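In case it helps, my numbering puts the sequence shown at residues -14 to 460. In this text, a Cβ means the ideal position worked out from N, Cα and C, and glycines have one as well. Bear in mind that the values here come from a model prediction, so they are computed numbers and not experimental data. Since the structure comes first, as structure tokens, the remarks are kept for the end.
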Amino acid sequence: MLKKTIIAFVAFAGLMSAQAATDATNWRASVDQLMNKGEFTQASQLMRKLPSKVRKANAVTIDSLNQIMGRIRKDFTLLPEDGVKQIREKMPDATDEQINNWKKVKAIEVMNIDGKELWFRKAVRNLWLLGEEFAEVNQADNTEGSEKLRKYVVRAMRTVPDANGVRDWHHVNVTFTLDVDADAIPAGETLRVWMPIPYENLRQKNIKLESSNRPVTWSEGSKHHTVYMEAVAEKGKPTHFEYTFSYDVGERHIAQQDLLAMVEPYKNTPEYVKYTSSEYPHIVITDAMRELAEQIVGTPEENPVLAASHIYHWIASRFPWAGAREYSTIKNIPEYVLENKHGDCGQVGLLYITLCRAAGIPARWESGYMLHPGEVNFHDWGETYFEGVGWVPTDASFGRTTEHSEQMRDYYATGMDIYRMASNEGVGDKLSPEKKYIRSETVDCQMGEVEWKNGNLYYDKWNSSFKLNSIEPVK
-14 MLKKTIIAFV AFAGLMSAQA ATDATNWRAS VDQLMNKGEF TQASQLMRKL PSKVRKANAV
46 TIDSLNQIMG RIRKDFTLLP EDGVKQIREK MPDATDEQIN NWKKVKAIEV MNIDGKELWF
106 RKAVRNLWLL GEEFAEVNQA DNTEGSEKLR KYVVRAMRTV PDANGVRDWH HVNVTFTLDV
166 DADAIPAGET LRVWMPIPYE NLRQKNIKLE SSNRPVTWSE GSKHHTVYME AVAEKGKPTH
226 FEYTFSYDVG ERHIAQQDLL AMVEPYKNTP EYVKYTSSEY PHIVITDAMR ELAEQIVGTP
286 EENPVLAASH IYHWIASRFP WAGAREYSTI KNIPEYVLEN KHGDCGQVGL LYITLCRAAG
346 IPARWESGYM LHPGEVNFHD WGETYFEGVG WVPTDASFGR TTEHSEQMRD YYATGMDIYR
406 MASNEGVGDK LSPEKKYIRS ETVDCQMGEV EWKNGNLYYD KWNSSFKLNS IEPVK
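Dropping the structure here:
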């Protein structure tokens, strides 16, 4: 169970006894073993007892390991008896046998930490989304959501596309704020802050920083597009960061029949090789992933448009949405989805990307925010590459909402509505300027990141806000 909880770069290095971990050669393996068992207290004690020379040389790694264990503890806080009580408040007749079965099928996510069973803090809320007993209600919610999305798409289709097939251009204005708690770090020390900003692509243009309350440095050369600010902390006062930006965003969709007419055989270019290769830690093309991709796609299926469609619908029809654990605590997210049989937007997105690459279809990550009326929130999706066409947007998570809609079933397999702000075009890249300590979010950057000279500041020390000021048609 707990082998899924170690961040990817803290790789499993073999099994050794904790007692033997006294030098730089084997202490990591021993800590990993203890973490895999859920023996977090012992793992922390082992690192504290390392020789000072070893601790100093591995300070950032030790900090990262301790942060990961701390994040897991924050996610798994629900006592079993409290979880059972919450379930029976809504479902009084729930039996012990039912509850044990929900745990067995992963509808309730459980861990054993320091010898104590603990439930994921969102376990009960997720149960209503994952339990087979509640599928009919959830399907009704998806039908309602699909109808909302259909209205947005119908409106877009009434507009004329540009040369790239993008239409329904809208101008978006956003204010992003981040506030660090008072006394989160000592007064006089410097806070370093990274916050998301959109980037230019076929569907986004005219990006402009309208204002900021501090000097801004734009990221360079990173897949995570951010603005960077610094500020000196004052005693007893929170530290406020704020900027307003604008950009234009358009809808793009290419119907499957059009793709089938345009697609060409892939060329073995460096870009093709890059986006059909493993990208550790989460996009890992194992033999098992290749076999699964073959099972989904069918043998032989030489047309990548149809193959990608098979993968998209296979995911959309099998993995319901559920509130997610912190990504930084999951070793390999696609494997986690397959094992736990559910995932949020980014989790099923990474599974889609991995399976496409395993099938020889280039795919990559994109993420930022969804801006649908009344539903502004973080969101992750992807892009699929077809030779002769280029990169096409794909939202496997929205596919779950539209899977049973005849009109919308295929839309998000090769299309994207206007209600997006994309700030990440890949996963796990370094921030710019580079961050020293482990990030709060290790996959991309949506909420922001904060650190000071002695470490990362996790979410419990600050909060951020994405305010959609306006979204209006471009005249």
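Per the coordinates, the alpha-carbon of Leu187 lies some 14 Å from the alpha-carbon of Asn409. By DSSP's assignment, Trp437 forms a beta bridge with Gly440. Secondary structure in the region 321 to 366: the alpha helix (DSSP H) runs of 4 residues or longer, each lying completely within the stretch, are 330 to 343 in chain order. The three-state secondary structure of Pro378, taken from DSSP, is strand.
Within the same chain, and ignoring the five residues on either side of Ile170 in sequence, the residues whose Cβ sits closer than 6 Å to its Cβ are Ala218 and Trp437.
In the assembly as shown, Ser37 is an exposed residue. Its beta-carbon has fewer than 16 other beta-carbons within 10 Å. Taking His267 as reference, the option from Asn51, Leu335, Gly359 and Glu279 with the minimal CA-CA separation is Leu335.
The DSSP-derived three-state label of Asp60 is helix. Nearest neighbour of Gln189 by Cα position, chosen from Ala407, Lys415, Leu134 and Ser131, turns out to be Ala407. Boundaries of the beta strand (DSSP E) harbouring Ala216: Thr211 to Val217, taken from the DSSP string. Leaving aside the five residues that flank Arg177 on each side, the residues in its chain whose CB is nearer than 6 Å to its CB run, in chain order, Glu215 and Glu436.
The criterion of a C-beta distance shorter than 8 Å is not satisfied by Pro223 and Cys430. With a 10 Å radius around the Cβ and a threshold of 16 neighbouring Cβ atoms, Asn362 comes out exposed.
At a Cβ-Cβ threshold of 8 Å, Cys341 and Thr369 count as neighbours. If one requires a minimum length of 3 residues, the beta strand (DSSP E) runs lying completely within the region 124 to 208 are 151 to 165, 175 to 181 and 189 to 197, in chain order. For Lys89, the enclosing alpha helix (DSSP H) covers residues Asp81 to Lys89. Phe226 carries a strand assignment under DSSP once its states are collapsed to helix, strand and coil. In the DSSP assignment, Lys75 falls within the unbroken alpha helix (DSSP H) covering Pro65 to Lys75. With fewer than 16 neighbouring CB atoms inside 10 Å of its own CB, Tyr265 falls in the exposed class. Taken through DSSP and simplified to helix, strand or coil, Gly55 comes out as helix.
Within the DSSP bridge table, the entry for Gly411 names no partner.
In the displayed model, His389 falls within coil according to three-state DSSP, outside both helix and strand. Here Tyr297 has Tyr337, Thr379, Ala381, Gly384 and Ala398 as same chain residues with Cβ atoms under 7 Å from its own Cβ, once five neighbours each way along the sequence are excluded. DSSP, reduced to helix, strand and coil, places His295 within a helical segment of the structure shown. In the three-state scheme derived from DSSP, where H, G and I count as helix and E and B as strand, Leu453 is classed as strand. In the structure shown, the three-state DSSP call for Trp113 is helix.
Assignment of Leu277 by DSSP, reduced to helix, strand and coil, places it in the helix class. Judged by their CB atoms, Arg349 and Gly367 are nearer to each other than the 8 Å cut-off. Here Ser197 is not near Tyr232, since their CB atoms are 8 Å or more apart. Annotation: Gly400 to Arg152 spans about 12 Å, alpha carbon to alpha carbon. Going by beta carbons, Leu112 and Ile72 fall inside the 8 Å limit. For Trp104, no alpha helix (DSSP H) encloses it; the enclosing beta strand (DSSP E) starts and ends at Lys101 to Trp104. Going by C-alpha positions, Arg110 is about 44 Å away from Lys460. Bounds of the alpha helix (DSSP H) holding Asn21 are Trp12 to Lys22.
The three-state secondary structure of Thr369, taken from DSSP, is strand.
Per DSSP, Met432 lies in no beta strand (DSSP E) segment and is marked neither H nor E.
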